[in-house]
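The structure appears below as structure tokens.
2 protein chains.
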Amino acid sequence: MSDTRIFDNITDGEIDKMKDCFKAVTRKYIEGETINNIESGSLGIVVSGVVEIIRFDFDGNRTILERINENGIFGRLFFSQIDEGDVEIICLTDCEIMFVDYEHLTKQCHNACSHHSTLIRNMLSIVSEKSIKLSNRVEILSQRTLRKKLITYFNMISKEKGKKNIVIPFSLSNLSDYLCVDRSAMLREMKKMREEGLIDSHAKKVTILYDQTMF
Amino acid sequence: MSDTRIFDNITDGEIDKMKDCFKAVTRKYIEGETINNIESGSLGIVVSGVVEIIRFDFDGNRTILERINENGIFGRLFFSQIDEGDVEIICLTDCEIMFVDYEHLTKQCHNACSHHSTLIRNMLSIVSEKSIKLSNRVEILSQRTLRKKLITYFNMISKEKGKKNIVIPFSLSNLSDYLCVDRSAMLREMKKMREEGLIDSHAKKVTILYDQTMF
DNA sequence: GTGTGTCAGTTGCAAATGCAACTTTTTAAA
DNA sequence: TTTAAAAAGTTGCATTTGCAACTGACACAC
Chain A
1 MSDTRIFDNI TDGEIDKMKD CFKAVTRKYI EGETINNIES GSLGIVVSGV
51 VEIIRFDFDG NRTILERINE NGIFGRLFFS QIDEGDVEII CLTDCEIMFV
101 DYEHLTKQCH NACSHHSTLI RNMLSIVSEK SIKLSNRVEI LSQRTLRKKL
151 ITYFNMISKE KGKKNIVIPF SLSNLSDYLC VDRSAMLREM KKMREEGLID
201 SHAKKVTILY DQTMF
Chain B
216 MSDTRIFDNI TDGEIDKMKD CFKAVTRKYI EGETINNIES GSLGIVVSGV
266 VEIIRFDFDG NRTILERINE NGIFGRLFFS QIDEGDVEII CLTDCEIMFV
316 DYEHLTKQCH NACSHHSTLI RNMLSIVSEK SIKLSNRVEI LSQRTLRKKL
366 ITYFNMISKE KGKKNIVIPF SLSNLSDYLC VDRSAMLREM KKMREEGLID
416 SHAKKVTILY DQTMF
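Protein chains in written order, with this note's numbering: chain A, 1 to 215; chain B, 216 to 430.
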């Protein structure tokens with residue numbers, strides 16, 4: 001399942017027309033710049049470049065909520081409402097961002113443009129996909145032991161790839177962040193699982209040896 | 216913020232027209248019955264009654280993923296893809312369910328009906344709201360200690376209500392399920408927090424005494 | 001009244017986990 | 001090739017947490 005993109009099924013010509021329709025504004029940012037137009041209730045579309053959504057905790061920790069690549073979207077609607085003030089959107093590279101007002105997006109378009117509804121349909125897909133990813137994350141985090149978190153995660157990847165030997169798509173440090181557990185505790189648990197013959201693993205390569213129907 | 220409903224801004228007359236347009240099928244179920252039409256890739260709309268989405272773990276545990284009331288929607292798009300086989304939708308009461316095929320929903324409507332795009336727009340709102348709730352849940356579950364989970368949860372409710380004395384909207388047993396922690400461990404932690412003067416609490420009534428900007 | 005069930009609250013204990021402080025290996029850069 | 005910086009891997013220790021097994025309060029049915 002490849003992710004839906006915001007301009008799927010919309011031609012370049014239509015995108016141009018759309019800009020009028022939606023009163024879309026495009027702005028350029030340089031690497032490292034912070035995007036501030038979010039308060040205004042608009043939808044951001046990453047036309048080119050990469051941005052990151054960062055949360056700053058009160059104790060100074062910065063958490064990467066999400067990384068958004070070309071054709072990705074961001075906006076108030078898409079992240080949590082708590083801590084409204086302390087979410088920042090930072091450009092990792094030079095970026096071109098298109099802003100569309102929610103008002104215009106959700107109002108009935110008097111031109112009855114087909115690309116208008118296509119865009120909303122694409123947004124629906126994108127948000128649904130994001131929702132599913134969040135559900136998966138909740139499913140993992142709701143496991144009460146580290147081992148069960150690992151097993152739930154491994155099973156997920158394994159099922160997705162259709163293989164029992166999987167490669168974790170990020171570093172093990174990042175995996176421990178994703179699972180919200182201590183890195184050393186996680187590695188310790190993986191070692192135990194190796195010793196018990198439940199898995200075989202070396203760095204990011206993991207082979208599932210346990211009976212998956214058990215979990 | 217009150218939740219969007221699927222038929223917002225659509226008149227009863229339009230709903231009837233829509234049924235033709237979408238080839239919608241309405242079925243009645245009795246209390247306790249299981250709904251099975253989900254494989255077919257359709258969207259379920261609860262016209263009347265209450266349904267519950269249940270997950271059965273391999274070890275026999277049943278987890279309530281969601282309770283859906285009148286005008287709520289459910290479907291493959293809206294819950295996690297793992298464990299596809301073992302999600303059940305059960306009617307808690309007598310129910311009337313409208314099924315709309317995703318195909319018809321996502322295709323361009325040749326009649327260019329306005330209610331068609333309104334419906335998709337409403338779905339977008341519903342899914343976004345769900346997404347935000349899931350983000351909140353992830354934020355809570357990603358806290359590594361029981362105390363931080365509680366504080367994050369209390370802050371969320373407090374912020375929502377604009378008060379420092381809050382009433383937990385479900386039983387404390389259910390709260391421990393929501394936070395994915397042991398009930399007795401949670402009560403023990405709340406007792407400690409009382410003793411340390413961080414909160415005041417009696418059963419479901421909690422008053423926040425700590426400085427919220429600290430967390 | 002008596003029984004039955006749910007919810008809140010408690011506590012001892014063993015196990016799991018986070019934290020800190022390391023070493024070793026791998027990767028990337030100069 | 002050398003060097004520096006990440007990432008992987010390890011371990012001891014204190015703390016947190018889950019588990020199990022209780023008690024007491026309240027509601028509702030018979």
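Ideal Cβ placement from N, Cα and C applies to all residues, glycine included.
- DSSP places A/C21 in no beta strand (DSSP E) but in the uninterrupted alpha helix (DSSP H) bounded by D12 to C21.
- Among the residues of chain B, those whose CB is under 7 Å from the CB of A/R137 are V353, following chain order.
- Taking the Cα of A/H116 as reference, the smallest distance to any Cα among A/V127, A/N136, A/Y102 and A/I54 is reached at A/Y102.
- Interface with chain A (9 Å Cβ-Cβ cutoff): B/D218 is excluded.
- Secondary structure of A/R144 (DSSP, three-state): coil.
- In the structure shown, A/L43 adopts extended strand secondary structure according to DSSP, grouped into three states.
- Remark: three or more beta-carbon pairs, one from each stretch, lie closer than 8 Å, so the region 339–354 of chain B and the region 125–132 of chain A are flagged as touching.
- Bridge pairing for A/E66: A/I53 [DSSP].
- For B/F369, the three-state secondary structure derived from DSSP is helix.
- Membership of B/N380 in the beta strand (DSSP E) is indicated by the continuous run N380 to V382.
- For A/L172, no chain B residue has a C-beta closer than 7 Å to its own C-beta; the minimum C-beta separation is roughly 17 Å.
- Taking the CA atoms as reference points, A/V87 sits about 43 Å from B/K238.
- Against chain B, a Cβ distance below 8 Å from A/R144 picks out C395, V396 and D397.
- Chain B places a beta carbon closer than 9 Å to that of A/L141, counting this residue as a contact.
- C-alpha of A/I140 to C-alpha of A/I151: approximately 9 Å in a straight line.
- Within its own chain, the residues whose Cβ lies closer than 7 Å to the Cβ of A/D8, once the five positions on either side in sequence are excluded, are N122, listed in chain order.
- When the Cα atoms are used, A/V167 and A/Y178 turn out to be separated by approximately 15 Å.
- With respect to chain A, the C-beta atom of B/H319 has no partner C-beta closer than 9 Å.
- Taking a C-beta distance under 9 Å as the contact criterion, A/F99 and A/R27 qualify as a contact pair.
- Under DSSP, B/D316 takes part in a beta bridge, and its partners are B/S257.
- Closer than 9 Å to the CB of A/S42 there is not a single CB belonging to chain B.
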